[in-house]
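Trainee: For any residue, its number in this note's numbering is found by taking its place in the sequence shown, counting from 1, and adding 18.
I have a structure here, written as structure tokens, and I will follow up with some questions on it.
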Amino acid sequence: MSDFFRPEARAFLWRWRDTIAGVALTALGLWWALRAFGAVQWLGYIIVIGGLILTVAGVQRARFRQDGIGSGVVQINERRLSYFGPLDGGVIDVADLTKLELDPSAHPDPNWVLTGVGGQTLAIPINATGSEALFDVFASLPEIKTSAMLDVLSRTPDARVTIWARVRPVLH
Numbered sequence: 019m020s021d022f023f024r025p026e027a028r029a030f031l032w033r034w035r036d037t038i039a040g041v042a043l044t045a046l047g048l049w050w051a052l053r054a055f056g057a058v059q060w061l062g063y064i065i066v067i068g069g070l071i072l073t074v075a076g077v078q079r080a081r082f083r084q085d086g087i088g089s090g091v092v093q094i095n096e097r098r099l100s101y102f103g104p105l106d107g108g109v110i111d112v113a114d115l116t117k118l119e120l121d122p123s124a125h126p127d128p129n130w131v132l133t134g135v136g137g138q139t140l141a142i143p144i145n146a147t148g149s150e151a152l153f154d155v156f157a158s159l160p161e162i163k164t165s166a167m168l169d170v171l172s173r174t175p176d177a178r179v180t181i182w183a184r185v186r187p188v189l190h
């Protein structure tokens, strides 16, 4: 069965899997909402709303996912982000993040550069194995603009770009 689709088509479908599921759920909900009566009709409307939310979230996730296999492995365990690369790596707590940057000049692939409270940095290739989980970490950062992050990622700028920085409270 794995030979049924070309590898490129299989990769495309896998990248857009959340969006495809959302569209299918929306279609099912519309069919129930327009064809059924009573409680099933109302359930269809609820399923349409859920399907639309899943579709929008799926488009964002598909834009975040990168093609190819980069170096290293990303793991997230209890809000602690770990990156194990062939030459470097590190661990940083999500609560300690103070800055998120995209460095397109890193070789061979652009890197996410995360800065912690103590000034330590962690550079993670955008296409490292397991980097899909970074979307949830980045989306949980306070006051981050996810659409701006996806726009920067899609256009790949020439210089390092700060996507998010923690606002320091004023003490006086």
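Just so you know, even glycine gets a beta-carbon here, dropped at the ideal spot from N, CA and C.
Considering only DSSP beta bridges, list what Tyr-101 is partnered with.
Mentor: Answer is Val-92 and Gly-108, bridged to Tyr-101.
Trainee: Less than 7 Å between C-beta atoms, sequence neighbours within five positions excluded: which residues of the same chain meet that for Thr-164?
Mentor: If we look at Thr-164 and ignore the five residues flanking it on each side, its Cβ neighbours are Gln-78 and Ala-157.
Trainee: Going by C-alpha to C-alpha distance, which of Val-41, Thr-180, Gln-84 and Pro-128 sits closest to Ala-29?
Mentor: Among Val-41, Thr-180, Gln-84 and Pro-128, the Cα nearest to that of Ala-29 is on Gln-84.
Trainee: Taking only the alpha-carbon atoms, compute the straight-line gap between Gly-40 and Val-155 and give it to the nearest angstrom.
Mentor: If you take the alpha carbons of Gly-40 and Val-155, they lie about 22 Å apart.
Trainee: With distances taken from CA atoms, which of Trp-182, Ser-123 and Ile-142 is nearest Arg-87?
Mentor: With the sequence shown as reference, residue 87 is identified as Ile, and Arg is not the correct amino acid for it. Minimum Cα distance to Ile-87 is reached at Ile-142.
Trainee: Does the distance from the C-beta atom of Ile-71 to that of Gly-47 stay below 9 Å?
Mentor: Result no, Cβ atoms of Ile-71 and Gly-47 do not sit closer than 9 Å.
Trainee: Whole angstroms are fine: how far does the CA of Gly-136 sit from the CA of Arg-173?
Mentor: Cα to Cα, Arg-173 sits roughly 31 Å from Gly-136.
Trainee: Would you check if the region 98-109 and the region 51-69 touch, i.e. whether three or more CB-CB distances between them fall below 8 Å?
Mentor: Taking 8 Å as the limit for Cβ pairs, the verdict is that the region 98-109 does not touch the region 51-69.
Trainee: When you compare only the Cα positions, how much space is there between Ala-54 and Leu-118?
Mentor: Between Ala-54 and Leu-118, the C-alpha separation is close to 48 Å.
Trainee: I'd like the list of long-range same chain contacts for Leu-159, defined as Cβ closer than 6 Å, with 5 residues on each side in sequence excluded.
Mentor: Cβ within range, chain order: Trp-182.
Trainee: Grab me the residues of Thr-147's own chain with a C-beta within less than 6 Å of its C-beta, minus the 5 sequence neighbours each way, in chain order.
Mentor: Val-91.
Trainee: Reducing DSSP to helix, strand and coil, say where Glu-26 ends up.
Mentor: Helix.
Trainee: Does Thr-133 pass the burial test, meaning 16 or more other C-beta atoms within 10 Å, or should it be called exposed?
Mentor: Thr-133 should be labelled buried.
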